[in-house]
Structures are given as C-alpha cells and as structure tokens.
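Working notes, beginning with the structure itself.
This is the structure in structure tokens:
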C-alpha cells in the first residue's frame, strides 16, 4: 500500500535525518579513530626519537676517552691510533684530533688526506670551531658528504686542559643512517614511514632533511612529530602510517549505520502503513463512503465523546431526508440518486456551522446535531437549509429536489440523547405528512401520527394503478419519462430500456402513425380550452403500437400537470377498449 503524501514527507524527513546521523556517527568514529592513531603515533615518535638520541649519544660519547687522555698527557697525543682503534665502531667513519683547529691525526689513517681536506675546508667547520670555543659545548653539524661515505654527521668536541686553556678539538664523523638503522628498521616494522630532520649546525635555524623512508620527491602527509635537542642541534622525527592516515572502521561503521537506518526506516514505513490502514478501517467504520459524512455509528461515537466532555451543553437534533427520493432513483437511476445524496451532503456542510455533527443515517436520511447554540439560532439555520433551492446537473438534465426536516431541543424537550433523536424523527414524519419541503419543530401531538401512509413508494403506486400508465413531457420531442410494467409488457418489450428503444424515447413512437396527427390535434385543442390551468384532464381514443407490429385500440385518460423538474408533463392512463366493453358482473 502506497503511503499518503503526509506520511511520505515524514518518511523522507526521517530518512534524511537517519542518513545525516549515520554520516555524523561515522565521521565522529573516524575522527576518534584517527585521533587515537595520531596519539599512538605521537607516543611512538617520542619513543623512537629517544632511541635515536641514544644512538647518536653512543657515537658522541666516544670522544670522552680521548679528551681524558689528552688532559692527562698535558696536551700530548700519545698512542692515538691504538686508542682510536679501540673506540672505533662500524657506524663511525672517522676519528680525528685537531690541535688549535688543525687536523693532525685521524683514524683510519688511510682516510686522512681526503677526509682532512674535506673537513678542513667544509664551510661549516670554522663556524663550529668558533661556536664550541665560545660555548664550550659539543657541537654537531651535517649531514656532509665524505669521499668514501654517502653522508655523515660530524661531531666537534672542544678539549680544555687543566689550566682552562683550549687545546683543540676531537672530531668524529658518524655514518648516517648506519648509526640508527636498527632503530628505524624497528619503526618501519610497526607500519610507519619516517623522516629525520635536523638543523645543519648549532647556529642554523632551518631544519634540513637527514633521511626519509620515502622517495626524495615524496613527503609525509600530516605527520606526528617529536622534536629534541642533541649536541646543540635540533632534531625532529616525523612519522605517518604507511599509506597515510586511514581509518579501517569507516566503511564497516557506515555500512552498519546504513543497515540500522534502513531497518528503522522500514519499521517506520511499516508503522505508517499500519496507521493508514487503521485510519482507513476507522474511516469506513465511522464514515459513509458515498458522502464522506459520519454514518450512524460514527455520529453516535462523536456525539457521546462530545457530551462526555461537555455534559450539560445545549444541543439541537435535526433529522432530514430527500422528498420523493424513490422517484429520483426510479426515473433517473441510482447513479443520479447518489449524486443527489452527495449534493445534499455538500449543501448541509456549507449551511451548518463547522462544529456541527452531520451524518447520513442510511438511504436518503440525514441527521445533524448542533452544540452550544440557542434553539432559535438553530431553527433559523434549519429553515434556511430547507427552503434553499437545490439542483444539480446530471448529464443534460438539471435535477431539482427538496428536503424535509424535523428538529428537537435539549434540554428544553428532553435531556436524554436517544429521546432527543427520536423526537427529531417524529418531527420529520410530521413535516412529510404535511406536504414535504418544510421543517417542523417537535410538538407533543406528533406522537399520534400514523406513519403507514409514508410506506408507499412511487414505483408500488404506479404498479398498483389499474391499466397501463405513462408519463411523458409535453412539447418538444414529447420524451417518455416513465412507463409501468403493464404497459411495457403489453407492447412486447422486455424492460424500460427496451421500451425506450422501441419508441425512440418519444410518445410519438408509441401512437399508430395513422392516428398521430388526430391525437396531437385533440391534445392541442384541449390545451387551448384549459389555458391558464395548472392541471386538467383529457379523454381520447387511439391505437398504440406493439413491438410485433400489431396495433391495440386504447381508451386514454390524460392529465397535464406542472412538474418542478420537467415543466409541463402528461400523466396518461390507458385501458384496452375491448376490456372495457366486457365488464365482470358479480
């Protein structure tokens, strides 16, 4: 079952809200996951930066033994090669001494010439000498490229004698990345890319790349960073997860949220459909499907609900029905009868206040209940609704109809609900017995009215008339409006539709062609003789046709009358002449 427009809008809005909440929850989960990753990466970068510092300090610490030896020998360098050999490690490329800033010895000795030349004339060397001389601190610079080493970090450690005089410098070239290879390998095994940056010298401010696990053209995206001081230089370790910052929870969480949202939306749609079904069942249980008004059950339900809220409220009950509704159904058909009921329902809605309870009790009977209004005000509304001209279009016809109404007041005439409705019904019967198309207020004498005379329908009345009966419109095509079954059968027709087809819907099609001019002339003469009268009788004798082609001689009594719907019409009573000639004697 498709949802109505209001429920569709609710479902769409809820769907949008669920989609928004799903995206928001997924985004928040991803954000928290990435924050946790960054927090972990920050801790890891701090831990491995500390390990990196420890690796460099192992290399820098090699200068301490040589410094002490020089101090103990009052500035004399003895057994340098032996001592340097003992201090040498695989991550150290060169150990040298530079009294007064000039390298005099280095180990391994095979590197002396080229490495001494490189270090002596490296642009930063003299600046570092001056820095260490002024500060007395160990200094590091680089990375520098040495002839047989890809690159190295150079450590310069000033040596002061016991007298406090600057003797010179101990220089160590540490191979990078050899010195920290095991540390960075461990970091990579955890799934991280890294970059090591450092200031080129203690006096430099800009950080330069020392090494990266990525290609030279690639950069780390939004890395976790840890910066530290090492031998008067700043070092920074940057790390990011391999492949970048990605949350593995995003797609699963989004899928789960979508599934939950789809289930919730499905449940909502199912609930809305159940609600609509309940509303539909409630509607058909309490509403008349033709007019949309309350049926009797719905009317009583709403009435009891109102009186439960306002027990002592003023109320006026009115019962209404269409006058001669059976005639409308018989003459025009039930479709037109339904149109008359719908038209009356619309008129009652327009004529009565919005808070009025209006119902179709059944058939052509309607009921209404006014609340909180004075009896005189209700009486004016009822009378206005009754006397208002009522008509509607049905094909080429304009159908006019009238209504009758009866009403009673609470609490003046009764306090009981059932009794109030009964009194309104009695007043309605009184209105109909008084000539219809009027309204009656309940009076005590109405209880004794005999309602049996209302039991005859037009159809039963027409069938009970002796002989054959016909109604047709005066003037024009003389359209046949009604024929009783006896006339239809005697012409050899199956039903009224067949009779209309046989006569072409006209009185002229029933009269024998040889008699037609004589009949029309006689009718016109009688019309002229009774000019000005609303109703008069005529007596004629002529032949009528049958479907088999035979003719029947009929004695015809006609009466012309004014009808609200058709204007001037003829009521025609026919009897076969031979039947009149042979009366039955008791």
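Numbering (UniProt numbering), first residue to last: 1 to 586. Virtual Cβ for every residue (Gly too), placed ideally from N, Cα, C.
Proximity below 7 Å, CB of residue i to CB of residue j
i: residue 410; j: residue 308; result: no
i: residue 592; j: residue 81; result: Because residue 592 is not part of the residues shown, which for the chain are 1 to 586, the question remains open.
i: residue 52; j: residue 180; result: yes
i: residue 214; j: residue 240; result: no
i: residue 237; j: residue 39; result: no
i: residue 439; j: residue 519; result: no
i: residue 437; j: residue 402; result: yes
i: residue 468; j: residue 486; result: yes
i: residue 566; j: residue 443; result: no
i: residue 302; j: residue 357; result: yes
i: residue 507; j: residue 493; result: no
i: residue 538; j: residue 558; result: yes
i: residue 36; j: residue 224; result: no
i: residue 571; j: residue 471; result: yes
i: residue 576; j: residue 554; result: yes
i: residue 392; j: residue 382; result: no
i: residue 515; j: residue 543; result: yes
i: residue 132; j: residue 158; result: yes
i: residue 195; j: residue 212; result: yes
i: residue 354; j: residue 33; result: no
i: residue 499; j: residue 522; result: no
i: residue 341; j: residue 7; result: no
i: residue 233; j: residue 25; result: no
i: residue 446; j: residue 426; result: yes
i: residue 663; j: residue 318; result: Only positions 1 to 586 of the chain appear in this structure, which leaves residue 663 out of reach.
Identified DSSP bridge partners for residue i
i: residue 588; result: The chain is shown from 1 up to 586; residue 588 falls before or after that span and cannot be answered.
i: residue 441; result: 407
i: residue 573; result: 469, 557
i: residue 240; result: 193
i: residue 567; result: 563
i: residue 106; result: 96
i: residue 650; result: The chain is shown from 1 up to 586; residue 650 falls before or after that span and cannot be answered.
i: residue 371; result: 315
i: residue 158; result: 169
i: residue 398; result: 393
i: residue 551; result: 545
i: residue 579; result: Bridge partners of residue 579: none, in fact.
i: residue 247; result: Looking at the DSSP assignment, residue 247 forms no beta bridge with any residue, so it has no partner.
i: residue 358; result: 368
i: residue 152; result: 144, 175
Where the beta strand (DSSP E) through residue i begins and ends
i: residue 97; result: 92–99
i: residue 468; result: 468–473
i: residue 211; result: 207–212
i: residue 197; result: 192–199
i: residue 167; result: 166–175
i: residue 648; result: No information on residue 648 is available, as it lies outside the stretch 1 to 586 that the chain covers here.
i: residue 391; result: 390–394
Range of the contiguous alpha helix (DSSP H) that encloses residue i
i: residue 299; result: 296–309
i: residue 382; result: 375–387
i: residue 339; result: 334–351
i: residue 47; result: 5–60
i: residue 227; result: Looking at the DSSP string, residue 227 is not in any alpha helix (DSSP H); the run it does join, the beta strand (DSSP E), is 224–230.
i: residue 178; result: No alpha helix (DSSP H) holds residue 178; DSSP gives it neither H nor E.
i: residue 592; result: The question about residue 592 has no answer, for the chain in this structure spans 1 to 586.
i: residue 81; result: 80–87
i: residue 501; result: 496–503
i: residue 64; result: 63–72
i: residue 483; result: Taken as a continuous stretch (DSSP letters only), residue 483 belongs to no alpha helix (DSSP H), being part of the beta strand (DSSP E) at 480–483.
i: residue 273; result: 250–286
i: residue 134; result: 125–135
C-beta neighbour in chain E for residue i, strict 7 Å
i: residue 227; result: Considering every chain present, this structure includes no chain E. It has just one protein chain.
For the region 58–74 and the region 245–255, state whether three or more C-beta atom pairs, one from each stretch, are separated by less than 8 Å. no
Are the region 164–176 and the region 91–101 touching, with three or more C-beta to C-beta distances below 8 Å? yes
Give the list of continuous beta strand (DSSP E) stretches no shorter than 3 residues that lie fully inside the region 507–549. 536–545
Examine the Cβ distances between the region 21–36 and the region 199–206 and report whether three or more of them are shorter than 8 Å. no
At a cut of 8 Å, does the region 353–368 reach the region 321–330 through at least three beta carbon pairs? yes
Any contact between the region 136–156 and the region 72–89? By contact I mean 3 or more CB pairs, one from each, below 8 Å. no
I want to know whether the region 183–201 touches the region 131–142 - three or more CB-CB distances under 8 Å. yes
For the pair the region 247–265 and the region 63–82, tell me if three or more CB-CB distances fall below 8 Å. no
Check whether the region 368–380 touches the region 283–291, taking contact to mean three or more Cβ pairs, one atom from each stretch, closer than 8 Å. no
Take every Cβ of the region 389–408, pair it with every Cβ of the region 418–438, and state whether three or more of those distances are shorter than 8 Å. yes
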